[in-house]
Amino acid sequence: MKEIIIQGLRQAYSNLVHMFAEFLPRLLVMLVIVIVGLLVAYVLKTILRALLHVTRLDRLSEEAGASRFLRMAALPSMTELLSRSLFWVTWLGFILIGISVLGVAGLQEQISRLFLLLPAIFVAILILFVGLVTANFLSRAALLAAVNAGYASPKLLSWSIRFVIWALAVSMALEEVGVARQTVLAAFSIVFGALMLGLAIAFGLGGRELAREFLERNLHDKKKEKYEEPQPL
Amino acid sequence: MAEESFLADDFLRQLMSVGEVDLLVGVPTYNNASTLGQTLYSIEETLRHNFVRQRAVILNVDGGSSDETRQLFVQSSQGRDGGGHRDLTSLRTIHRISCEYGKAPSHGLALHNIVAAADLLRAKACAVISPTTPNLTPSWVVNLLRPVYSESLDFVAPLYARSRFQGLLARDLLYPMSRAIFGQRIREIYCEEWGFSGRLASQCLEKDVWREEAVRARPEAWMAVTAIGGGLKCGQSFLGPKIAPPTGTDIVEIIRHTVGNFFWCMETNQPLWLSRSNSQPVPTFGPDHELSLDGIPPSQEKIFELFRTGVSELEPILASILSQDTHAQIKAIALNDRSGFHFPAELWVKTVYEFAASYHHTVLNRDHLVQALVPLYRGQLCSFLLEHSDSSAEAMETQSEALCQEFERQKPYLVERWKVKH
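The listed protein sequences correspond, in order, to chains W and R. Heads up: the first sequence runs through residues 1 to 233, numbered per the numbering used here. Heads up: the second sequence runs through residues 1001 to 1422, numbered per the numbering used here.
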């Protein structure tokens, strides 16, 4: 009996040693991959940051109004944000490769899934950035045009444009990463449809008088009521 | 010639058949068939009676008219050759040539063709005449060509007789600012007709700016600045009353194309003005201004409302352009009632200079930035109308001169903001 127990303990010890002997080199390899990944990510970040400085992305971001939103969200400049994102995406990739080297059962499949998602995440971030810049640019253009033309509620118009573009960009980004595709599509359709329907009803019922006055003013008495600016030149 | 290749073959052929000329009158057109006849008549009368011995060409540059403007130009030329004019006094043939520079109108492209033709034909004096001016007379063309041809000036701007409520953007912003920045007292730097020398045409042709949006839209101020920068002589010549064409005024478009263009000229000519101070009068032919008291004052109510709305609705945009102090002062005056409203000259000048510096530093999209000036210009306009509803012409001129001096006084402030590193 005693011998059997000792034999079992020996076997267990031997298995443990064998496991450690197999695991330790893998762990070392993983650590090497992670450290190399850190270096590669740092180099890539530095290169991207220099490139973005040359292309004056921060100025473009400032012009488009995206920088203001980043400041509001306590985020760094656009150049810094993109270069840091690249750093983390790259390093995360190397960390995942390192973990896969460990050969832990069950993790392999999850890691390959994550790898497949990485490019999609990057594209989604890009879509959100383009959406943010476009929304700011167009909403500001609409605000200026509406204010200078003397239209009523220019901010409402500006925010509507901003909201529609944001909604479009967010749904496109989520669609890209494949998060609840059907739900996102349905939610976007419902929100967009509801907004348009709401506007149509509001204008049709609430603004009947306003619409009539507007049409009368613009179609019948356009010449009589039009505001004439003094000749500037 | 610097850019021989961009002219169409047919146009080049026409130019070569003309040979060298002394005078060139450019007429940029776009669907001007209804007014072109009067314009051509005035130009020909001028050339026939005032430049008897000079070789001359009238050049039509068309932006793709669909109303047979070009055909009219050519046909009237043929009619004239067939003996249409009885009192011929010119000893030379007055040539007429026409070209189409594109399928959409562009003042810059039209001028590019005109200066290229002037350079090729070695013209000594040139003028650009707009066919949209309803009251063009032969004397206008003489007054633009003669200072260039006889007095060796290189750029001649027009001077117009104005009613007191006309040309207020020029009076309150463009003239005082251009005078303070570039140091030459040219009143109408943005104009539809002006004169220039062959020398200036050649210098302009060498510049690589013809594709710039600012030059494509309004090239005349850039041409004046090029003359100032090249050390050439600028002047101005009185033409008479200016009657605006019967089309609506789009103040936003005009400010985008003039103020935006002027800021661009500042940006691209920094060495020329950053160290320059004060201003000098330029040679002037005829009275240097003429202000009549006729004209009905425009409605101040609507202008004031647009100013107030603009200041409140554009608050975040204005905050990114203006200094805190200037922005606070503007918001404070916007709270006043219309009857007690006044936009102080000092604040107006500071505002314009801060816009110029922000344009330079590109704090936001440059076109948007210029558009944000529109409500503030309306505030200044309303203040002017309230202040001068009963003023005499002399009082208005005195106030205009004081504004010019304020622009000159505050120029160091502009330079300081301009040079701040962002």
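We put the CB at the ideal spot given by N, CA and C, even for glycine.
Margin query: With a threshold of 7 angstroms between beta-carbons, can I1333(R) be considered close to chain W, or not?
Written below: In the second sequence, counting from the first residue as 1, residue 1333(R) sits at position 333. Not one chain W Cβ lies under 7 angstroms of I1333(R).
Checklist line | Close Cβ partners of P1298(R) (< 8 angstroms) along its chain, the five nearest in sequence each way excluded | finding: What you label residue 1298(R) is simply residue 298 of the second sequence in a count that begins at 1. For P1298(R), where only same-chain residues beyond five positions count, the Cβ hits under 8 angstroms are F1165 and L1385.
Item checked: Residues that A1170(R) contacts on chain W, provided the C-beta gap is smaller than 9 angstroms -> For the purposes of this step, residue 1170(R) is taken as residue 170 along the second sequence, with counting starting at 1. P232 and L233, listed in chain order.
Checklist line | Residues of the region 144–155 of chain W whose Cβ lies closer than 9 angstroms to any Cβ of chain R, in chain order | finding: L144, A145, A146, V147, N148, A149, G150, P154 and K155
Next item on the list: Closer than 7 angstroms, Cβ to Cβ, to anything on chain W: give me those residues from the region 1363–1379 of chain R, in chain order.
Entry: V1363, L1364, N1365, H1368, Q1371, A1372, V1374 and P1375
Next item on the list: State yes or no: is the beta carbon of R56(W) nearer than 7 angstroms to at least one beta carbon in chain R?
Entry: Position 56 of the first sequence, counting from 1, holds the residue named residue 56(W). The C-beta of R56(W) comes no closer than 7 angstroms to any C-beta of chain R.
Checklist line | Host alpha helix (DSSP H) of D1022(R) (start-end) | finding: By 1-based counting over the second sequence, the position of residue 1022(R) is 22. Per DSSP, D1022(R) belongs to no alpha helix (DSSP H) and is neither H nor E.
Item checked: Proximity winner among S1098(R), R1185(R) and D1288(R), relative to S1017(R) (alpha-carbon distances) -> As a working note, residue 1017(R) is residue 17 in the second sequence. Of S1098(R), R1185(R) and D1288(R), the residue nearest in Cα terms is S1098(R).
Notebook entry, point to check: Does the beta-carbon of W1222(R) have 16 or more other beta-carbons within 10 angstroms, so that it is buried, or is it exposed?
Noted result: Looking up residue 1222(R) in the second sequence gives position 222. Answer is buried; the Cβ neighbour count reaches 16.
Item checked: Alpha-carbon to alpha-carbon, L1120(R) and A1201(R) -> Position 201 of the second sequence, counted from the first residue, corresponds to residue 1201(R). Position 120 of the second sequence, counted from the first residue, corresponds to residue 1120(R). Approximately 10 angstroms, taken between the alpha carbons.
Item checked: CB contact flag (L1047(R), A1056(R), <7 angstroms) -> Against the second sequence, residue 1047(R) aligns to sequence position 47. Against the second sequence, residue 1056(R) aligns to sequence position 56. Going by C-beta atoms, L1047(R) is nearer than 7 angstroms to A1056(R).
Note to self: Which same chain residues end up closer than 7 angstroms to S1279(R) when comparing Cβ atoms and leaving out the 5 residues on each side of it in sequence?
What the structure shows: Counting from one through the second sequence, the residue named residue 1279(R) turns up at place 279. Hits under 7 angstroms: R1179, A1180, G1183, Q1184, R1185 and E1408.
Next item on the list: Would you mind sorting E228(W) into buried or exposed? The rule is 16 or more other CB atoms within 10 Å of its CB.
Entry: The residue labelled residue 228(W) in the question sits at position 228 within the first sequence. Exposed is the call here.
Checklist line | R1048(R) - containing alpha helix (DSSP H), residue span | finding: Taking the first residue of the second sequence as 1, we reach residue 1048(R) at position 48. Where R1048(R) is concerned, the enclosing alpha helix (DSSP H) starts and stops at A1033 to N1050.
Item checked: Secondary structure of C1191(R), DSSP reduced to three states -> For this step, residue 1191(R) is matched to residue 191 along the second sequence. DSSP places C1191(R) in coil when its eight states are reduced to three.
Item checked: Classification of E1301(R) by the beta-carbon crowding that lies within 10 angstroms, buried from 16 upward -> Residue mapping note: residue 1301(R) aligns to position 301 of the second sequence, counting from 1. By the beta-carbon neighbour count (other beta carbons within 10 angstroms, threshold 16), E1301(R) is exposed.
Notebook entry, point to check: Which residues does DSSP pair with E1100(R) in a beta bridge?
Noted result: In the second sequence, counting from the first residue as 1, residue 1100(R) sits at position 100. Partner(s): D1062(R).
Notebook entry, point to check: Mind checking F1006(R): buried by the 16 CB within 10 Å criterion, or exposed?
Noted result: Counting from one through the second sequence, the residue named residue 1006(R) turns up at place 6. Result: exposed.
Next item on the list: Pair every Cβ in the region 1392–1403 of chain R with every Cβ in the region 1260–1268 of chain R, then say whether three or more of these pairs are closer than 8 angstroms.
Entry: no
Check: Just by C-beta distance, which residues in the region 116–147 of chain W are closer than 9 angstroms to chain R?
Finding: F137, R140, A141, L143, L144, A145, A146 and V147
Checklist line | Spatially closest choice to Q1329(R) from E1313(R), P1316(R), I1317(R) and E1346(R), by CA coordinates | finding: Counting from one through the second sequence, the residue named residue 1329(R) turns up at place 329. Looking at the Cα atoms, E1346(R) is the closest of the given residues.
Item checked: Inter-stretch contact (C-beta, 8 angstroms, three-pair minimum) for the region 1021–1035 of chain R and the region 1203–1220 of chain R -> no
Margin query: Within 7 angstroms of any Cβ in chain R, is that where the Cβ of K224(W) sits?
Written below: For the purposes of this step, residue 224(W) is taken as the residue at position 224 of the first sequence. For K224(W), the predicted structure reports a pLDDT of 48, less than 50, and the residue's modelled location is therefore unreliable. A value from the coordinates is still provided. No, because no Cβ of chain R sits closer than 7 angstroms to the Cβ of K224(W).
Checklist line | N-terminal and C-terminal residue of the alpha helix (DSSP H) that R1162(R) is part of | finding: Translated into positions along the second sequence, residue 1162(R) becomes position 162. Segment F1155 to S1163 is the beta strand (DSSP E) holding R1162(R); no alpha helix (DSSP H) there.
Note to self: Just verifying my parser: in three-state terms, what is the DSSP assignment at A1180(R)?
What the structure shows: Here residue 1180(R) is taken as the residue at index 180 of the second sequence, counted from 1. Three-state DSSP puts A1180(R) in a helix.
Notebook entry, point to check: Under 7 angstroms between C-beta atoms, does E229(W) make it to chain R?
Noted result: As a first step, residue 229(W) is located in the first sequence; it is residue number 229 there, counting from the start. Taking 7 angstroms as the CB threshold, E229(W) lines the interface with chain R.
Checklist line | Expected contact under 8 angstroms - CB spacing of R26(W) and G103(W) to nearest Å | finding: The count along the first sequence starts at 1 and reaches residue 26(W) at position 26. The count along the first sequence starts at 1 and reaches residue 103(W) at position 103. Rounded, the Cβ-Cβ distance is 6 angstroms, consistent with contact.
Check: Going along chain W, which residues have a C-beta under 9 angstroms from V1128(R)?
Finding: Locating residue 1128(R) in the second sequence gives position 128, counting from the first residue. By Cβ distance, chain W contributes nothing, its closest Cβ being about 15 angstroms from V1128(R), past 9 angstroms.
Next item on the list: Classify V17(W) as buried or exposed, calling it buried when 16 or more other Cβ atoms lie within 10 Å of its own Cβ.
Entry: Looking up residue 17(W) in the first sequence gives position 17. With fewer than 16 other Cβ atoms within 10 Å, it is exposed.
Next item on the list: For the region 1326–1378 of chain R, list the alpha helix (DSSP H) runs that are entirely contained and at least 4 residues long, ordered along the chain.
Entry: 1345–1361 and 1366–1371
Check: Which residues of chain W have a Cβ atom closer than 8 angstroms to the Cβ of Q1166(R), listed in chain order?
Finding: For the purposes of this step, residue 1166(R) is taken as residue 166 along the second sequence, with counting starting at 1. Close to Q1166(R), with beta-carbon spacing below 8 angstroms, are these residues of chain W in chain order: P230 and Q231.
Next item on the list: Taking only beta carbons into account, state which residues of the region 152–186 of chain W come closer than 8 angstroms to chain R, listed in chain order.
Entry: P154 and K155
Next item on the list: Tell me, to the nearest whole angstrom, how far the beta carbon of P1134(R) is from that of I1043(R); I am working on the premise that it is less than 8 angstroms.
Entry: Here residue 1134(R) refers to the residue found at position 134 when the second sequence is read from its first residue. Here residue 1043(R) refers to the residue found at position 43 when the second sequence is read from its first residue. At roughly 15 angstroms, the Cβ-Cβ gap does not stay under 8 angstroms, so P1134(R) and I1043(R) are not in contact.
Margin query: According to DSSP, is P1219(R) part of a helix, a strand, or is it coil?
Written below: The residue given as residue 1219(R) occupies position 219 in the second sequence. Note: P1219(R) maps to coil in three-state DSSP.
Next item on the list: Just the chain W side, please: which residues come within less than 8 angstroms of P1298(R) by C-beta, in chain order?
Entry: If you number the second sequence from 1, residue 1298(R) lands on position 298. Simply E228, E229 and P230.
Next item on the list: Just the chain W side, please: which residues come within less than 7 angstroms of A1244(R) by C-beta, in chain order?
Entry: To locate residue 1244(R), count along the second sequence from 1; it is residue 244. Those within 7 angstroms of A1244(R) in chain W are Q231.
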